[in-house]
Amino acid sequence: MKTLLFLLLTVLCSNAFSQSTISGKIIDQQGLPIMGASVYLKGTYDGTATSEDGTFTFETTATGLQTLIASSISFETYSKADDVTKLNTITIKLKDDVNTLDAVTVNAGTFNAGDNAKVTALKPLDIVTTAGALGDFVGALQTLPGTSNVAEDGRLFVRGGGAEETQIFVDGMRVFTPYSPSANNIPTRGRLSPFLFKGITFSTGGYSAEYGQALSSVLLLNSINEPQEEKTEISIMTVGLGLGNTQKWKKSSLSLNTSYINLTPYQKLYPDNNEWHKPVESVGGEAVYRYKFNNDGLLKVYGAYSSVDFDLTQEDINVADGIRFGLKNRNLYINSSYQDFLEKDWSIATGISFANDRSEIKYNNSDITDIENSAHLKIAFKKFFSSRYKLNFGTEYFATNFTENFEDSNFEDDYEFDNNIFSSFVETDIFFSKKLATKIGLRGEYSELLQEFNLSPRLSLAYKSGANSQFSLAYGEFFQNPKNDYLKYNSDFTAENTTHYIANYQYVKNKQIFRAEAYYKEYGDLVKYDTPFALPTSTYNNSGSGYAKGLDIFWRDNKSIKNTEYWMSYSYLDTERDYQNYPTNATPDFASKHNASLVVKRWIEDWKSQLGFSYNYSSGRKYTDPNLGGFLTEEAKSFNSLNANYAYLISPQKILYVSVSNVLGTKNVNGYQYANQTNTDGLFDRRTITPAADRFFFIGFFWTISDNKNDNQLDNL
Amino acid sequence: MKTVLLIATFIFTLSLSAQTPYEKGMNEAFALWEQQKNTEAVQLFERIASAETDNWLPPYYAGLIEIVSSFGLKDEALLNTKLTRAKEFLDNASEISENNPEIMITYALLNTAYIAFDGAKYGMTLSGENVAIYQKALAIAPSNPRVLLGKTEWDMGAAKFFGKSIAPYCEDVERAIVLFNEEEQTIPYYPYSGLERASEISANCKKETSPN
Numbered sequence: 000m001k002t003l004l005f006l007l008l009t010v011l012c013s014n015a016f017s018q019s020t021i022s023g024k025i026i027d028q029q030g031l032p033i034m035g036a037s038v039y040l041k042g043t044y045d046g047t048a049t050s051e052d053g054t055f056t057f058e059t060t061a062t063g064l065q066t067l068i069a070s071s072i073s074f075e076t077y078s079k080a081d082d083v084t085k086l087n088t089i090t091i092k093l094k095d096d097v098n099t100l101d102a103v104t105v106n107a108g109t110f111n112a113g114d115n116a117k118v119t120a121l122k123p124l125d126i127v128t129t130a131g132a133l134g135d136f137v138g139a140l141q142t143l144p145g146t147s148n149v150a151e152d153g154r155l156f157v158r159g160g161g162a163e164e165t166q167i168f169v170d171g172m173r174v175f176t177p178y179s180p181s182a183n184n185i186p187t188r189g190r191l192s193p194f195l196f197k198g199i200t201f202s203t204g205g206y207s208a209e210y211g212q213a214l215s216s217v218l219l220l221n222s223i224n225e226p227q228e229e230k231t232e233i234s235i236m237t238v239g240l241g242l243g244n245t246q247k248w249k250k251s252s253l254s255l256n257t258s259y260i261n262l263t264p265y266q267k268l269y270p271d272n273n274e275w276h277k278p279v280e281s282v283g284g285e286a287v288y289r290y291k292f293n294n295d296g297l298l299k300v301y302g303a304y305s306s307v308d309f310d311l312t313q314e315d316i317n318v319a320d321g322i323r324f325g326l327k328n329r330n331l332y333i334n335s336s337y338q339d340f341l342e343k344d345w346s347i348a349t350g351i352s353f354a355n356d357r358s359e360i361k362y363n364n365s366d367i368t369d370i371e372n373s374a375h376l377k378i379a380f381k382k383f384f385s386s387r388y389k390l391n392f393g394t395e396y397f398a399t400n401f402t403e404n405f406e407d408s409n410f411e412d413d414y415e416f417d418n419n420i421f422s423s424f425v426e427t428d429i430f431f432s433k434k435l436a437t438k439i440g441l442r443g444e445y446s447e448l449l450q451e452f453n454l455s456p457r458l459s460l461a462y463k464s465g466a467n468s469q470f471s472l473a474y475g476e477f478f479q480n481p482k483n484d485y486l487k488y489n490s491d492f493t494a495e496n497t498t499h500y501i502a503n504y505q506y507v508k509n510k511q512i513f514r515a516e517a518y519y520k521e522y523g524d525l526v527k528y529d530t531p532f533a534l535p536t537s538t539y540n541n542s543g544s545g546y547a548k549g550l551d552i553f554w555r556d557n558k559s560i561k562n563t564e565y566w567m568s569y570s571y572l573d574t575e576r577d578y579q580n581y582p583t584n585a586t587p588d589f590a591s592k593h594n595a596s597l598v599v600k601r602w603i604e605d606w607k608s609q610l611g612f613s614y615n616y617s618s619g620r621k622y623t624d625p626n627l628g629g630f631l632t633e634e635a636k637s638f639n640s641l642n643a644n645y646a647y648l649i650s651p652q653k654i655l656y657v658s659v660s661n662v663l664g665t666k667n668v669n670g671y672q673y674a675n676q677t678n679t680d681g682l683f684d685r686r687t688i689t690p691a692a693d694r695f696f697f698i699g700f701f702w703t704i705s706d707n708k709n710d711n712q713l714d715n716l
Numbered sequence: 000m001k002t003v004l005l006i007a008t009f010i011f012t013l014s015l016s017a018q019t020p021y022e023k024g025m026n027e028a029f030a031l032w033e034q035q036k037n038t039e040a041v042q043l044f045e046r047i048a049s050a051e052t053d054n055w056l057p058p059y060y061a062g063l064i065e066i067v068s069s070f071g072l073k074d075e076a077l078l079n080t081k082l083t084r085a086k087e088f089l090d091n092a093s094e095i096s097e098n099n100p101e102i103m104i105t106y107a108l109l110n111t112a113y114i115a116f117d118g119a120k121y122g123m124t125l126s127g128e129n130v131a132i133y134q135k136a137l138a139i140a141p142s143n144p145r146v147l148l149g150k151t152e153w154d155m156g157a158a159k160f161f162g163k164s165i166a167p168y169c170e171d172v173e174r175a176i177v178l179f180n181e182e183e184q185t186i187p188y189y190p191y192s193g194l195e196r197a198s199e200i201s202a203n204c205k206k207e208t209s210p211n
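Here the protein sequences line up with chains B and A, keeping their order.
Each residue of the first sequence is one higher than the last, beginning at 0 in numbering that gives the first Met the number 0.
Each residue of the second sequence is one higher than the last, beginning at 0 in numbering that gives the first Met the number 0.
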């Protein structure tokens, strides 16, 4: 009996005497106590939560060297290994976790779209369901501030820059010919189909040192890593047909898309003001193959081929019969990229892109054949030293070979150039705290053609001023070789350059975003020539210069009105430049002082429909009236367009889509063309250049066949 | 005699309280969860997970509570922080127990929390992912009632949205109820729950599909 009691007591006592007390206090970087933080010894059951004053105390039976863990939501987890006897009355300072949504982001100049972004200006569906965008991602981006609406062109014009000042990259690799060719005064479309991408970053200035050869802007597209399922997609549209199929295997997947567009029936029904001999006919095919390697490696190979043919006669004030323009374009684009995570927090991204573009142009009696072969090779490494310090560096090579053959009844010549550029970049991201972060980069570029080396520093800084607001600043220097139109005739150039200064304020709260950004951009070494057009015989130099300054405002609200989302953009632009053959400083004819757009989308549950509207306004653009003298001094009338679209989900897999651009049929003016010679009254006659058609209708039926009965092509519209 | 009784009682109480630390911890964590002390429950499950490195249940529950308690949040930053943490717990659990259908469907629940917060932002990518998760889980465990119920609820939501009949899915709910009742509950702390939810849905089915 006694023995039993003794035994029991020993067991109880042995439990008691090996206990030690762990105690202390947990504070944040400001020294304020953190309540409710979890503190425990790793690998044991011993632990507790901190009380209101940040203190904690608990007992443990563990002995010797132990690891104390302290964690709290939105702080970095802390760990300390020490002998248990020493782990009392200690003070632990937790660092803010900088990877949370409410941490500061270095974002001056940048808009993000997609679901992986911290602040999303455009959601994935917006890219394709914005009225007037007609399924072209470029169209959707034109509703963001900083862009100028140039209705007859269709490309991106950013902050007083020409369209060629914006470069487009897919998975880090350059897209050399991103736009489909089109006739004069007819807007072009992006070649890439929007449903291939999961994230879009649109930078209107001050962008990362990883990107170069763009004076104004970069558009970065990330393709999807893995399609969700096998499916077949059929599209029947007023303008053509489309067919797509996706196959999935254990580690790989293949998506194929083909499209056939023929505008003949449409032109028959709704003739426009051009005389079409052969309306636009295009055949295109795209394939994406993705392969996942054992660990985290991912290989993506994207290939696209398209052919576009058309032939038309367009009115011209100086040519009674009009100008005949015919085009046969063949374009092949291949983009392969590989990314992988290596040991010790290193990662690698490498890739190669290649484009072959061949255009046969008939311009009245001249035949022009342009062949462009371009390639981009790149390798970049990233090292995560900690969540607060990252380093990114790499090197890349761009090669372009361009040849042109010009032939008419009395003249024939060939032009050719190689434009190869070698560049390297290094950039670091530093978070000083949850409130203050910076990105510092440097890029060096050597152009073999211009025999010139340029160094461009980039710097941005962001400070979080309140729970929902932040300020950011960016500065950068940017270089770009002169465009093909000049390089084919002359190579004695220096690179054109810009310097950006950007200040940004952003307020984000509960599905509402407000953004205001002021910028100043200085242009230097712009190409000038001394003839009405760039000709082989012109004299060229780099004496041009200019500036652009302005204010961009963006407001998006997904909250105030139920089932309705809307966003508004306003851009103010003041720009002048002296370049090309300008006799003086002037505002270029593609820049408008005020640009505004409003996009509204409403989901109507009872009709299973989404109704969308967009309204675009831009103030009049400059033109030259030779009757008044002066250069680009007159202002044309403003541009207004109200667009509507309607998507009806017949069943989860069948969608009917109707879209009308410029519903009100506003008579817009794209510009004026003046006669070369005066009439009998001594005046120059003029012709108003109007859009080819006031309205554009689009009706499509989209059908998805898959095992999953809920998937549809909403993302395809 | 008295002493013997006393000692016997003493020993009896001792053996009653002679739970393993695991059982003690789990019971306490479930009690905290029941009292809606979610943060404390998550913290305790996290501690248990740190001690029981080859048991998927503690990190699974830590993740599950984070997910369940993030429904209805209005602050996207907090939602993201909680769900990121939940994902870490689930990743930890599935490292211990690969291709576990219970963990897989909890990932689907995590996606649903994002979709419920903002369908336009997260729906396009995550809803497809969910369908794939349910298909894969069902292929692995065709007679797991929770997998069947989860998939059926997801499909029902879509059918209701398009004004389609939910009748075919109601049959699956009944099948899930049968599976729930047949299920042998042998593993302690295993997430066997779900029968109540199935019965609720079944009752709804009968209401909606009844001829009057």
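Ideal Cβ placement from N, Cα and C applies to all residues, glycine included.
(message) Cutting at 8 Å between CB atoms, please list the residues of its own chain near Y488/B, excluding the five before and the five after it.
(response) Y414, A533, L534, P535, S537 and Y539
(message) So the candidates are A635/B, N372/B and S179/B; which of them puts its Cα closest to the Cα of E280/B?
(response) S179/B
(request) Please report how far the alpha carbon of F421/B lies from the alpha carbon of S207/B, in whole angstroms. (result) Whole-angstrom Cα-Cα distance: 17 Å.
(message) On the criterion of 16 or more Cβ atoms from any shown chain inside 10 Å, does W722/B qualify as buried, or is it exposed?
(response) This structure cannot settle anything about residue 722/B, because the visible part of chain B is limited to 0 through 716.
(message) Using 8 Å as the threshold, is the C-beta distance between L114/A and V146/A below it?
(response) It should be noted that the sequence gives Ile, not Leu, for residue 114/A. Contact flag unset, no.
(request) State the start and end residues of the unbroken alpha helix (DSSP H) segment that holds M25/A. (result) For M25/A, the enclosing alpha helix (DSSP H) covers residues P20 to E33.
(message) Pairs of beta-carbons, one from the stretch 158-172 of chain A and one from the stretch 125-144 of chain A, closer than 8 Å: are there three or more?
(response) The count of Cβ pairs closer than 8 Å, one atom from the stretch 158-172 of chain A and one from the stretch 125-144 of chain A, stays below three, leaving the stretches out of contact.
(request) Pair every Cβ in the stretch 225-232 of chain B with every Cβ in the stretch 520-530 of chain B, then say whether three or more of these pairs are closer than 8 Å. (result) no
(message) Going by DSSP, what residue range makes up the alpha helix (DSSP H) through P587/B?
(response) Segment: none, P587/B is in no alpha helix (DSSP H) and carries neither H nor E.
(message) Assuming contact is defined by CB atoms lying nearer than 8 Å, are A61/B and I91/B in contact in what I supplied?
(response) No, the Cβ-Cβ distance between A61/B and I91/B is not below 8 Å.
(request) State the Cα-Cα distance for the pair A197/A and I102/A, rounded to the nearest angstrom. (result) For A197/A and I102/A, the distance between alpha carbons rounds to 19 Å.
(request) Can you say whether E170/A is buried or exposed, counting buried as having 16 or more other CB atoms within 10 angstroms of its CB? (result) exposed
(request) Name, in chain order, the residues that DSSP records as bridge partners for Q246/B. (result) L253/B
(request) For N715/B, decide whether its Cβ has a neighbour in chain A, counting only Cβ atoms nearer than 8 Å. (result) For N715/B, the pLDDT reaches just 40, beneath the cut-off of 50, and the residue's location in the model is therefore unreliable, leaving the point undetermined.
(message) Can you tell me where the alpha helix (DSSP H) holding Q42/A begins and where it ends?
(response) N37 to A50
(request) Assign A265/B to one of two classes, buried (16 or more other C-beta atoms within 10 Å of its C-beta) or exposed (fewer than that). (result) According to the sequence as given, residue 265/B is Tyr; it is not Ala. Counting Cβ neighbours within 10 Å, Y265/B comes out buried, since at least 16 surround it.
(request) Run down chain B in chain order and give the residues with a C-beta less than 7 Å from the C-beta of I47/A. (result) Y44
(request) Would you please verify whether the beta carbon of I199/B is less than 8 Å from any beta carbon of chain A? (result) No, its Cβ sits nowhere closer than 8 Å to a Cβ of chain A.
(request) Would you mind telling me which residues of chain A sit closer than 9 Å to I72/B, beta carbon to beta carbon, in chain order? (result) The answer, in chain order, is T38, L77, T80, K81 and R84.
(request) May I have the straight-line CA-CA distance separating K94/B from F431/B, to the nearest angstrom? (result) 11 Å
(request) To the nearest angstrom, report how far apart P193/B and F589/B are at their CA atoms. (result) 26 Å
(request) Tell me whether the beta-carbon of L177/B lies closer than 8 Å to the beta-carbon of R158/B. (result) Looking at the sequence itself, residue 177/B is Pro, so the reference to Leu does not match. In this structure, R158/B does not lie closer than 8 Å to P177/B by Cβ.
(request) Keeping to the same chain, check which residues put their C-beta closer than 8 Å to that of D45/B; ignore five residues upstream and five downstream. (result) Non-local beta-carbon contacts of D45/B in its own chain, meaning distances under 8 Å to residues more than five positions away in sequence, involve I21, Y39, F57, E58, T59, T60 and A61 in chain order.
(request) Could you work out which residues of chain A lie near K41/B, taking near to mean beta carbons separated by less than 7 Å? (result) S49
(message) Given a cut-off of 8 Å on the beta-carbon distance, is the pair P58/A and A92/A in contact?
(response) yes
(request) Would you mind reading off the limits of the alpha helix (DSSP H) that contains F401/B? (result) Not the alpha helix (DSSP H): F401/B falls in the beta strand (DSSP E), residues Y388 to D407.
(request) Establish whether the CB of C12/B and some CB of chain A are separated by less than 8 Å. (result) With a pLDDT of 44 at C12/B, under the threshold of 50, the modelled position of that residue is not reliable, and the figure given next carries that caveat. No, C12/B lies away from the interface with chain A (no Cβ there is under 8 Å from its Cβ).
(message) For a cutoff of 8 Å on Cβ pairs, would you count Q18/B as touching chain A?
(response) No, Q18/B does not count as interfacial toward chain A.
(request) Could you give the DSSP three-state label for K607/B: helix, strand or coil? (result) coil
(message) For the beta strand (DSSP E) containing T349/B, name the first residue and the last one.
(response) Boundaries of the beta strand (DSSP E) around T349/B: W345 to Y362.
(message) Beta-carbon within less than 7 Å of E51/A's beta-carbon, same chain only, minus the 5 sequence neighbours each way: which residues are those?
(response) A distance below 7 Å between beta-carbons, with the five flanking residues on each side excluded, links E51/A to the following residues of its chain, in chain order: Y21 and P57.
(message) Is it buried or exposed, D125/B, if we count other Cβ atoms within 10 angstroms and call 16 or more buried?
(response) buried
(message) I want to verify the contact list: residues of chain A whose CB lies under 8 Å from the CB of A48/B, in sequence order.
(response) T38, E39 and Q42
(message) So E22/A contacts chain B; which residues on that side make the cut at Cβ distance below 7 Å?
(response) Here the premise fails: no neighbours, minimum Cβ distance about 11 Å.
(message) Rounded to whole angstroms, what is the Cα-Cα separation between T9/B and P100/A?
(response) Residue placement at T9/B is flagged as unreliable, the pLDDT there being 48, under the threshold of 50; a coordinate-derived value is accordingly withheld.
(request) Assign Y189/A to buried or exposed, taking buried as 16 or more other Cβ atoms, counted over all protein chains shown, within 10 Å of its Cβ. (result) Label assigned to Y189/A: exposed.
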